[in-house]
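First up is the structure itself, then whatever we jot down about it.
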Amino acid sequence: MVKFTAEELRRIMDMKHNIRNMSVIAHVNHGKSTLTDSLVAAAGIIAQEVAGDVRMTDTRQDEAERGITIKSTRISLYYEMTEESLKNYKGERSGNEYLINLIDSPGHVDFSYLEEKSLKLTTLIWKLTLKLTTS
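When we follow our numbering, the leftmost residue of the sequence shown carries the number 97, and every step to the right adds one.
Here it is, written out as structure tokens:
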């Protein structure tokens, strides 16, 4: 079912223009984990039929019991863009394979500090990547 290997992910890590870092942030029960599951399914890690039910990034027992994300969780995904999609893409790139580093953050107000950390981390990684690609 998985459409990629660890070696492929490692190879893409050297293609700085093909790395995307993102955080999923919204209020509690607004579909963050469902969106994350859908992206994980698109990467071939889980079946499309179970996306939204698996809650792939809710790894703690208390998250399963409460049905909410409590701790931010990151996952790296492999995505291959179609030639049709690439026709409209104007940015720099190397091929059509992308590494997506995704952070699924909690949405409950009690855990808002984790959302802030997720955004800061995403921004920091973006700045470091930008610096590496321009030097």
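Ideal Cβ positions, reconstructed from N, Cα and C, are used throughout, including at glycine.
Check, Outcome
"Reduced DSSP secondary structure (H/G/I, E/B, other) of D154", "coil"
"I166 - containing alpha helix (DSSP H), residue span", "Segment: none, I166 is in no alpha helix (DSSP H) and carries neither H nor E."
"Inter-residue Cα distance where the pair is S134 and D149", "10 Å"
"Own chain, CB closer than 6 Å to T196, minus 5 neighbours either side, in chain order", "The displayed chain sequence assigns Ile, not Thr, to residue 196. Cβ within range, chain order: R116, L173 and Y175."
"K128, buried or exposed, once every other Cβ within 10 Å from all chains shown has been counted against 16", "buried"
"Three CB pairs or more closer than 8 Å across the stretch 153-168 and the stretch 107-116", "no"
"Through-space distance from P202 to K186, alpha-carbon basis", "33 Å"
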